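In terms of this note's numbering, the sequence shown has 1549 at position 245, counting the first letter as 1, and numbering is strictly consecutive. For each residue, glycine too, the CB sits at the ideal point set by N, CA and C. All values reported here derive from a predicted model rather than from experimental measurement.
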Amino acid sequence: MEDCAAVAGRLWDEWLPLSVRRLIAGGLPDGQADARRLVVWLAGVHDIGKATPAFACQVDALAQVMRGHGLEMRSREAMGADRRLAPHGLAGQVLLGWWLEECHGWTVKQTGQFTVVVGGHHGVPPEHGQIQVLERHPDLLRTQGASRSLWKQVQDELLEACAQEFGVGERLAAWKTVKLSQPVQVLLSAVVIVCDWIASNSDLFPYFPQDVPRTGTERVAAAWRGLDLPGPWRAEEPAGDVDGLFTSRFDLPAGARVRPVQEAAVALAREMDEPGLMVIEAPMGEGKTEAALAVAEIFAARSGAGGVFFALPTMATGNAMFPRLLRWLDRLPAPPATRYSVLLAHSKAALNDDFVDLMGGGRRIAAIDVDGYGTQQWRPSDSSRAAAGELVAHAWLRGRKKAMLSSFVAGTIDQLLFAGLKSRHLALRHLAIAGKVVVIDEAHAYDTYMSVYLDRVLSWLGAYRVPVVVLSATLPAGRRRQLAEAYAGKTAVADQAPFHAVAWAGDYPLLTAVIPGGTPLMRYPAGSGRGTDVEVERLDDDVHVLADRLERELVQGGCVLVVRNTVRRVLQAAAVLRQRFGTDNVTVAHSCFVDVDRAAKDAALLSRFGPPTAKTDRPQRAHIVVASQVAEQSLDVDFDLLVTDLAPVDLLLQRMGRLHRHLRGGQEQTERPERLRQARCLVTGVDWTAPVPAPVRGSLAVYGAHALLRSAAALLPHLDGGRQHPVRLPTDISPLVQHAYADTFHGPAGWEEALEAARTRHDQHRADQAERAATFRLDAEGRPGRPVFGWVAAGVGDADDTRQGRAQVRDSRESLEVVVVQRRADGTLATLPWLEPDRKGRLLAGLPLPTDQVPTTLAARTAASCGLRLPIQFSYADVMDQAIDELEELHIPAWQAKNSPWLAGQLILPLDEDCQTRLAGFFLRYSPSDGLEVTRA
1305 MEDCAAVAGR
1315 LWDEWLPLSV
1325 RRLIAGGLPD
1335 GQADARRLVV
1345 WLAGVHDIGK
1355 ATPAFACQVD
1365 ALAQVMRGHG
1375 LEMRSREAMG
1385 ADRRLAPHGL
1395 AGQVLLGWWL
1405 EECHGWTVKQ
1415 TGQFTVVVGG
1425 HHGVPPEHGQ
1435 IQVLERHPDL
1445 LRTQGASRSL
1455 WKQVQDELLE
1465 ACAQEFGVGE
1475 RLAAWKTVKL
1485 SQPVQVLLSA
1495 VVIVCDWIAS
1505 NSDLFPYFPQ
1515 DVPRTGTERV
1525 AAAWRGLDLP
1535 GPWRAEEPAG
1545 DVDGLFTSRF
1555 DLPAGARVRP
1565 VQEAAVALAR
1575 EMDEPGLMVI
1585 EAPMGEGKTE
1595 AALAVAEIFA
1605 ARSGAGGVFF
1615 ALPTMATGNA
1625 MFPRLLRWLD
1635 RLPAPPATRY
1645 SVLLAHSKAA
1655 LNDDFVDLMG
1665 GGRRIAAIDV
1675 DGYGTQQWRP
1685 SDSSRAAAGE
1695 LVAHAWLRGR
1705 KKAMLSSFVA
1715 GTIDQLLFAG
1725 LKSRHLALRH
1735 LAIAGKVVVI
1745 DEAHAYDTYM
1755 SVYLDRVLSW
1765 LGAYRVPVVV
1775 LSATLPAGRR
1785 RQLAEAYAGK
1795 TAVADQAPFH
1805 AVAWAGDYPL
1815 LTAVIPGGTP
1825 LMRYPAGSGR
1835 GTDVEVERLD
1845 DDVHVLADRL
1855 ERELVQGGCV
1865 LVVRNTVRRV
1875 LQAAAVLRQR
1885 FGTDNVTVAH
1895 SCFVDVDRAA
1905 KDAALLSRFG
1915 PPTAKTDRPQ
1925 RAHIVVASQV
1935 AEQSLDVDFD
1945 LLVTDLAPVD
1955 LLLQRMGRLH
1965 RHLRGGQEQT
1975 ERPERLRQAR
1985 CLVTGVDWTA
1995 PVPAPVRGSL
2005 AVYGAHALLR
2015 SAAALLPHLD
2025 GGRQHPVRLP
2035 TDISPLVQHA
2045 YADTFHGPAG
2055 WEEALEAART
2065 RHDQHRADQA
2075 ERAATFRLDA
2085 EGRPGRPVFG
2095 WVAAGVGDAD
2105 DTRQGRAQVR
2115 DSRESLEVVV
2125 VQRRADGTLA
2135 TLPWLEPDRK
2145 GRLLAGLPLP
2155 TDQVPTTLAA
2165 RTAASCGLRL
2175 PIQFSYADVM
2185 DQAIDELEEL
2195 HIPAWQAKNS
2205 PWLAGQLILP
2215 LDEDCQTRLA
2225 GFFLRYSPSD
2235 GLEVTRA
């Protein structure tokens, strides 16, 4: 009890961000002093439920000693299954409530908001039914008969001693009238969980017989030094003008100036009454990321936030953002010797070299997971298995449930959406985000299913008064309004007029801001003056027509991006184009590459097609990149000509953002081939000769007819207008997006029936998504004083970055992820033969993977870096089950050991020496140039 209370005091004084402390203190009569007392006291009494017969009977020798002092209890066997009705958290909640009622005159309605913190300290607040059942079995808490009064006396003495020791004895009367908000109850629960985990760590707090003689104060001080937790970020509002701020924080090119949208965002952040939500809508390449980080610094200084969470749509975008976040952190002003805890938050983080470099020098502390249920033998088929990279994090803030508590985090949007999913230890996720500024990138990229979770999370972020920055280049106006309303909360939504203005605003760039309970502000910064006119034209969906056209366009050379909506279409196009242009002049990029090859592809694309610098190795001859949607975001690449399958208009505009992205030879683009100095986009993947354009089957499967037909209709004036009516970027971005996503839509004559049928199917699909997402969605914040009993009832258990966990917050089928290795002719296993040496020059190709022992760390990590998510063919239940059964035939017991963190629990896919195999009725072929090809066997 003393250890946990002492840890709580240290966490309050040195680790919790000021914003969290202010929120907890806000509802208490003596403010921060009361808040500290409350946190320390609740941490101190959280295990009072162990002073009960139901808990004490577990070790018979110790129970016999207690019986000798008059504390009678039945044996563990005699209690039987009834013991499960009194887990010590729930038992402690009930005992603390009884003590407050009997000894201090509280009512039942007053106690629950405090005692639920004790009841939920193992990750799940008790439900009303559990409480009622336990109260009908008082013998589990106090043995009935002669010893009942002695049990009560012992429990009351412990609680009274804690009240006096932790300074709340004189405050309980004043607290009787307090109504703790539900966000405060959640934060208190999370802090107590953290305290419990730290104080339960025998590395930090050795058991007394093994501990060296020292005082309690010395014991706590030694543990705190050993834990060595970095404190929160203590931002100071940057002074001076915007130019000085951006020059000092970002590596701007020589002569670069702050863009109007960046300047306006900083001004709005300083102008707002308090930090809140800011939505920044601006074209691709306008510096939204830098604007968000500048706003985050101002918001953090004003709110007391202790860090930043940058949420991105994919692992690839997270990996791209992480080094940018690190460079920004290096430039932040800070006192000497300041340390920050930093995290890359996705399941493959431990395979990221930048993150691994940060992990390298840390001292390891064994993480205590007190909710565990014994040693688990991992099996590849376990749906909840963690990705290999998660299992090697050993420092205290790298555990699966604690990692998000790091101060600075870049990760996938899933990590944020999990905060809206009823799940075990949800309070820890809420504590993690409650103390940060949250930045949500690519807000247009999230469908209805994900948006159901995002909107609920935003409502809780508003309740926590967490500053939020939302970024998008192509955000529909209706979605903008939904985001603002979700964050502002119930009271603001009652006044609809200001939110109508948010939904009708057609300006671009556009800034929208709102504080919790407030009304929106909007600002309309000018564009930067950078722009591109893109001529749009139709192209028949025939790969030979495509090849013929590119032969004409590339007679003088040039770089072309061909974007297909499915991997199958990528590979089909690449095969024909290689016949025409040569293998070396066609590059393939899509999602079905092993992780290390995918990272190498991204790096090569940036090197060859990135911004014009001395380091860019842009091809001098004609070159074609055939890519899937991976080319839409995160990569700053620049092409002379774009060919794209028809896609929703916002995604088409994202793709156009890769066209003439940078100036090459001034405004006239004189360094580009003469034929390609005018930006052009050829739209294919459609039968344009049909009465209503007919997208190809693959595109319909990915996006649906509704979005595709609306996109075609919105682009029709540009498709028909030729050179006289180009798409003007960025001027036309917002009009095109708002037109395509408007509630009322008038399409071309003759399209009405097709559009209406597509609209009906789309509305049904959205309604179905919303209904399914709501099943496990967290409830909205309840009224102050109402305990969070049953807060995560009927939830999903643990929510984490596993294939099952991700499927909870994304409307996608479960996917199979495998580790790809090679089986040699002699039957032995090895890492893939084409891998390049690592940054230290160590060879990675063909490393032996023995099956009778754990491979070397280098070989195991190299194998794990060749993870591959199998395509949708393997996501159907019967195929997935068959694939798992076949893959489990290569279950290697030696790799499941505790000292095999990289490969334990992984599905291993061995390729033969020709890089081929069969799986679940499919023929699989892999190459580093084309990735995975799947055909029916």
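- Going by DSSP, S1763 is part of the alpha helix (DSSP H) stretching over 1752-1767.
- Counting along the chain, Y2007 sits inside the alpha helix (DSSP H) bounded by residues 2001-2007.
- Residue pairing by DSSP places L1648 opposite A1714 in a beta bridge.
- Each residue's CA atom was taken as its position, placing E2217 and Q2126 some 7 Å apart.
- By alpha-carbon distance to A1767, the top candidate from A1908, P1579, D1845, Q1860 is P1579.
- In this structure W1808 is exposed. Its beta-carbon is surrounded by fewer than 16 other beta-carbon atoms within 10 angstroms.
- The alpha-carbon separation between P2137 and S2231 amounts to approximately 11 Å.
- Taking the CA atoms as reference points, F1418 sits about 10 Å from R2090.
- Excluding five sequence positions before and after W1316, the CB atoms of its chain that fall closer than 6 Å to its own CB belong to R1340, V1343, given in chain order.
- L1854 and P1587 have their C-alpha atoms roughly 28 Å apart.
- For S1506, the three-state secondary structure derived from DSSP is coil.
- Under the three-state reduction of DSSP, H2069 is assigned to helix.
- If you compare the alpha carbons of L1462, P1829, P1391, T2064 with that of A1571, the shortest gap goes to P1829.
- The shortest C-alpha to C-alpha distance from S1832 to any of V1953, P1820, L1814 is the one to L1814.
- Taking a cut-off of 8 Å on C-beta distances, the segment 1538-1551 touches the segment 1588-1601, as three or more cross pairs fall below it.
- The Cβ-Cβ distance between I1502 and L1775 does not fall below 8 Å.
- F1943 is the residue among R1326, P1916, F1943, Q1883 whose C-alpha sits nearest the C-alpha of G1861.
- Of all alpha-carbon atoms in L1389, G1427, V1421, the one lying nearest the alpha-carbon of V2096 is that of G1427.
- Distances from the CA of D1577 to each of Q1489, A1355, Y1757, V1818 were compared; the closest alpha carbon is that of V1818.
- Assigned with DSSP and collapsed to three states, V1941 falls in coil, not helix or strand.
- Partner residues in the beta bridge of E1839, as assigned by DSSP, are R1984.
- Under DSSP, R2127 shares a beta bridge with L2133.
- The beta carbon of G2094 sits closer than 8 Å to those of P1429, P1430, E1431, H1432, all from its chain and outside the five residues before and after it, given in chain order.
- DSSP lists no bridge partner for A1781.
- Annotated as distal: E1789 and G1520, with beta-carbon spacing of 8 Å or more.
- Counting of Cβ neighbours within 10 angstroms places P1820 among the buried residues, the total reaching 16 or more.
- The three-state reading of DSSP puts A1615 in strand, counting E and B together.
- Burial of T1836 is indicated by the presence of at least 16 other C-beta atoms within 10 angstroms of its C-beta.
- Under the three-state reduction of DSSP output, L1735 falls in the helix class.
- If you keep only unbroken alpha helix (DSSP H) runs of at least 4 residues inside the segment 2008-2079, you get 2009-2025, 2037-2044, 2056-2077.
- Beta-bridge pairing by DSSP links V1866 to V1930, V1947.
- With respect to L2082, G1793 sits apart: the two C-beta atoms are not nearer than 8 Å.
- With fewer than 16 other Cβ atoms inside 10 Å of its own Cβ, G1372 counts as exposed.
- Note on geometry: alpha-carbon atoms of Q1883 and V1646 lie some 48 Å from one another.
- Residue burial is scored here from C-beta neighbours: D2067 has fewer than 16 other C-beta atoms within 10 angstroms and is therefore classed as exposed.
- Counting the other Cβ atoms within 10 Å of the Cβ of H1848 gives fewer than 16, which makes it exposed.
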